[in-house]
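*Asks:* Note that the working numbering gives residue 66 to position 63 of the sequence shown, counting from 1, and the numbers run on in steps of one.
The beta-carbon is built from N, C-alpha and C at its ideal position, and this holds for glycine as well.
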Amino acid sequence: MTDAPISGPVSGQLSGKQLARKPRGFPDQREALIQARARLVETVTGVYRQWGFEALETGAFEYADALGKFLPDDDRPNAGVFSLQDDDEQWIALRYDLTAPLARFVAEQGQMLGRPFRRYAAGPVWRNEKPGPGRFREFWQCDADTVGAPGFHADAEMIAMGAEALRAVGMADGEFVIRVNTRRLLNGVLDGVGAASPETRLAILRALDKLDRLGASGVADLLGQGRKDDSGDFTRGAGLGPEEVRRVLAFAEAGADTRAATLANLARATGSTEEGKAGLAELEAIALALEALGAPEQDVKIDPSVVRGLEYYTGPVFEAELLREVTGEDGRTYRIGSIGGGGRYDDLVARFTGETVPATGFSIGISRLAAALAILGETGTLDGPVVVLNLDKDNPAVALGLAAELRRAGIRAEAYMGASGMRPQMKYADRRSSPAVVMAGSDEIEKGTVTIKDLEIGAQKAKAISSNEEYREARPGQIEVPRAGMVEAVRRIVEAHR
4 MTDAPISGPV SGQLSGKQLA RKPRGFPDQR EALIQARARL VETVTGVYRQ
54 WGFEALETGA FEYADALGKF LPDDDRPNAG VFSLQDDDEQ WIALRYDLTA
104 PLARFVAEQG QMLGRPFRRY AAGPVWRNEK PGPGRFREFW QCDADTVGAP
154 GFHADAEMIA MGAEALRAVG MADGEFVIRV NTRRLLNGVL DGVGAASPET
204 RLAILRALDK LDRLGASGVA DLLGQGRKDD SGDFTRGAGL GPEEVRRVLA
254 FAEAGADTRA ATLANLARAT GSTEEGKAGL AELEAIALAL EALGAPEQDV
304 KIDPSVVRGL EYYTGPVFEA ELLREVTGED GRTYRIGSIG GGGRYDDLVA
354 RFTGETVPAT GFSIGISRLA AALAILGETG TLDGPVVVLN LDKDNPAVAL
404 GLAAELRRAG IRAEAYMGAS GMRPQMKYAD RRSSPAVVMA GSDEIEKGTV
454 TIKDLEIGAQ KAKAISSNEE YREARPGQIE VPRAGMVEAV RRIVEAHR
């Protein structure tokens, strides 16, 4: 019996051939982005280690019920996570973040682990969510957590360390900020305006989250009766009265140039509720610790408008944001936005043990940060291999030997494979982001030399040359050196492009 011919696309096939396609939200990544990610992980984890944290790796899969709030109530737990049924008929799922596996690990180890336990981890996580621009189903995170330290100095340490990590990857003054708030402070404000129901409190949180985009006027509408946007769609508001709206906005806009000034504004805006007083005390303790840790005011700000994650965290919450802007192809200016954050989560381990275990952590979105740096043009270094051109298609031994010599000297190098002419080989080197090419034709072999071309300097100098004759005479970026000096000449070029 033979298979019937396929006449159209059926189950990913077309005309008998399998269609080349991949699931949405799972990006393919090539050399430049992979190396950028590796450098970021190495740099960030280096900072974590410097602060005394130790590495911990957990598996990609966890039992689905260990993922806590991401476990749905239906028979197939795949809402928000990617799950499958193991051979013992228990549901396992790809980890949603790096925190839930840590909580499980701490609970399993019990008192043998010792407290506090300070760990860092880096790796991919998976989320079964609708993908979109800049939103993937698989991406890398790099976390640090302290489990078993109840004091707010532990939160301040996370914040200051996160700022140092962002400095280490190349962020300069004014290019990023870590904003800090606390759940208890906001709870005090919500209590003070009489927001009793979960629906009202959630509506207020959602309104405050739009302050940067809609401004005070738009948020005031959402705190009150509602708002109609430019398209005519109406969003129902939280239903607060004018005085309550004013008090919530006074809280949200209490941010100032210094942490001390912000705390003074918050003391006036949060009223006298017990939760508000407790939240203010938390932030004051964190501010004192940040001062002792030497965290600059411009790197870390107390910002009451930070509300994301407050439903998850039990205390302070922090959000890291890139402030650097980039101009898109449409000529408009864009800000990259959030690249990480964290907070205190004292209830997570208790899910396994019934015992409240204080914990705080900070996470940097490595994939998002790498993509942001690529957009900003900071991953486009010439870090490809040196390419040795094959100028004798009948005998590539010379090119193979030169490439081998460079590799023995610790220089990444390859000999061109194929019988193409000079122009295609140079184009190949450009596509590989090569810092240099090495050439040894019959003339060089006879003289005992090699010709080396610095591709970046050559491209820069070529821009000022107007004719082919002048180009051939100038040979921009090109030098001829004795055969014995090849390694050091190439090394200088490679190091100059790092």
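Are the beta-carbon atoms of Ala439 and Asp457 separated by less than 8 Å?
*Replies:* Cβ atoms of Ala439 and Asp457: closer than 8 Å.
*Asks:* Let's see if you can read the secondary structure: which residues bound the alpha helix (DSSP H) around Thr265?
*Replies:* That run of the alpha helix (DSSP H) goes Arg262 to Ala272.
*Asks:* First and last residue of the alpha helix (DSSP H) that includes Gln428?
*Replies:* Where Gln428 is concerned, the enclosing alpha helix (DSSP H) stretches over Met425 to Arg434.
*Asks:* Short of 6 Å in beta carbon distance, which residues of its chain neighbour Thr363, apart from the five on each side in sequence? Order them along the chain.
*Replies:* Around Thr363: Thr149, Ala157, Asp158, Met161 and Arg347.
*Asks:* Output yes or no for whether 8 Å exceeds the beta carbon distance between Arg435 and Val391.
*Replies:* Their beta carbons are not under 8 Å apart, which means Arg435 does not touch Val391 by this criterion.
*Asks:* Under a three-way DSSP split, which group does Leu97 fall into?
*Replies:* Strand at Leu97.
*Asks:* Expressed to the nearest angstrom, what Euclidean distance is found between the alpha-carbon atoms of Gly221 and Leu326?
*Replies:* Roughly 23 Å between the two C-alpha positions.
*Asks:* Going by the beta-carbon positions, is the gap between Ala125 and Ile369 smaller than 8 Å?
*Replies:* Against a cut-off of 8 Å, the Cβ pair of Ile369 and Ala125 comes out as a contact.
*Asks:* Return the CA-CA distance between Ala522 and His500, expressed in angstroms with no decimal places.
*Replies:* Outside the shown range of the chain, which is 4 to 501, sits residue 522, and nothing can be said about it.
*Asks:* Would you mind working out which of Leu105, Gly242 and Asp91 sits nearest Leu59, comparing C-alpha positions?
*Replies:* Considering only alpha carbons, the answer is Leu105.
*Asks:* Could you tell me which of Glu247, Asp232 and Leu225 sits nearest to Arg239, measuring between CA atoms?
*Replies:* Measuring from the Cα of Arg239, the nearest candidate turns out to be Leu225.
*Asks:* Select from Gly235, Ala292, Ile305 and Thr276 the residue whose C-alpha is nearest the C-alpha of Leu266.
*Replies:* Ranking Gly235, Ala292, Ile305 and Thr276 by Cα distance to Leu266 puts Ile305 first.
*Asks:* Just to confirm my understanding: we take Ala259, look at its own chain, exclude 5 residues before and 5 after, and list those with CB closer than 7 Å. What are they?
*Replies:* So the qualifying residues of the chain are Thr265 and Asn268.
*Asks:* Taking the beta strand (DSSP E) that Glu65 belongs to, which residues open and close that run?
*Replies:* Run containing Glu65: Phe64 to Tyr66, per the beta strand (DSSP E) assignment.
*Asks:* Please list the terminal residues of the continuous beta strand (DSSP E) segment that includes Ala1.
*Replies:* No answer is possible for residue 1: it lies beyond the span of the chain, which begins at 4 and ends at 501.
*Asks:* Pairing CB atoms from the segment 402 to 410 with CB atoms from the segment 138 to 146, are three or more of them under 8 Å?
*Replies:* Output reads no: the segment 138 to 146 does not touch the segment 402 to 410.
*Asks:* Tell me the DSSP secondary structure of Glu449 in three-state form.
*Replies:* Here Glu449 sits in helix by DSSP.
*Asks:* Tell me which residue opens and which closes the beta strand (DSSP E) that Ala152 is part of.
*Replies:* Per DSSP, Ala152 belongs to no beta strand (DSSP E) and is neither H nor E.
*Asks:* Closest to Gln38 by CA distance: which of Pro399, Ser366 and Leu372 is it?
*Replies:* Closest by alpha carbon: Leu372.
*Asks:* Please name the residue in Leu293, Gly282 and Lys396 whose C-alpha comes closest to that of Thr317.
*Replies:* Of the listed residues, the one whose Cα sits closest to Thr317 is Gly282.
*Asks:* Leaving out five residues before and five after Thr261 in sequence, what residues of the same chain have Cβ atoms less than 6 Å from its Cβ?
*Replies:* Cβ within range, chain order: Glu300.
*Asks:* For Ile414, which residues of its own chain have a beta-carbon under 8 Å away from its beta-carbon, when the five flanking residues on both sides are left out?
*Replies:* Excluding residues within five positions, the ones whose Cβ falls inside 8 Å are Val389, Val490, Val493, Arg494 and Val497.
*Asks:* Would you tell me roughly how many angstroms separate the C-alpha atoms of Ile367 and Gly165, rounded to the nearest one?
*Replies:* Cα-Cα distance, rounded: 8 Å.
*Asks:* Using the rule of at least 16 other Cβ atoms within 10 Å of the residue's Cβ for burial, across every protein chain shown, is Glu277 buried or exposed?
*Replies:* Flag for Glu277 reads exposed.
*Asks:* Suppose the cutoff is 8 Å on Cβ atoms and the five residues either side in sequence are ignored; what does the same chain contact list for Asp215 look like?
*Replies:* Cβ neighbours of Asp215 beyond the five flanking positions: Ser308.
*Asks:* Round the Cβ separation of Val44 and Cys145 to the nearest angstrom and send it over; I've been treating them as touching at under 8 Å.
*Replies:* Rounded, the Cβ-Cβ distance is 6 Å, consistent with contact.
*Asks:* In three-state terms, what does DSSP make of Val390?
*Replies:* Residue state, collapsed to three classes: strand.
*Asks:* Report the three-state DSSP secondary structure of Ala487 (helix, strand or coil).
*Replies:* Note: Ala487 maps to helix in three-state DSSP.
*Asks:* Unbroken alpha helix (DSSP H) runs of length 4 or more, entirely within the segment 275 to 341: which are they?
*Replies:* Fully enclosed alpha helix (DSSP H) runs of 4 or longer: 277 to 296.
*Asks:* To the nearest angstrom, how far is it from the Cα of Ile339 to the Cα of Glu328?
*Replies:* Their backbone Cα atoms lie some 7 Å apart in a straight line.
*Asks:* I want to know whether the segment 102 to 121 touches the segment 55 to 69 - three or more CB-CB distances under 8 Å.
*Replies:* The answer is yes - the segment 55 to 69 touches the segment 102 to 121, with three or more Cβ pairs under 8 Å.
*Asks:* Rounding to the nearest angstrom, what Cα-Cα distance links Lys25 and Pro201 in this structure?
*Replies:* Approximately 40 Å between the Cα atoms of the pair.
*Asks:* With Arg42 as the anchor, note down where its alpha helix (DSSP H) starts and where it stops.
*Replies:* Unbroken alpha helix (DSSP H) run through Arg42: Glu34 to Gln53.
*Asks:* Assuming Glu324 and Arg182 form a contact by the criterion Cβ under 8 Å, report the distance between their Cβ atoms to the nearest whole angstrom.
*Replies:* 7 Å between Cβ atoms; contact.
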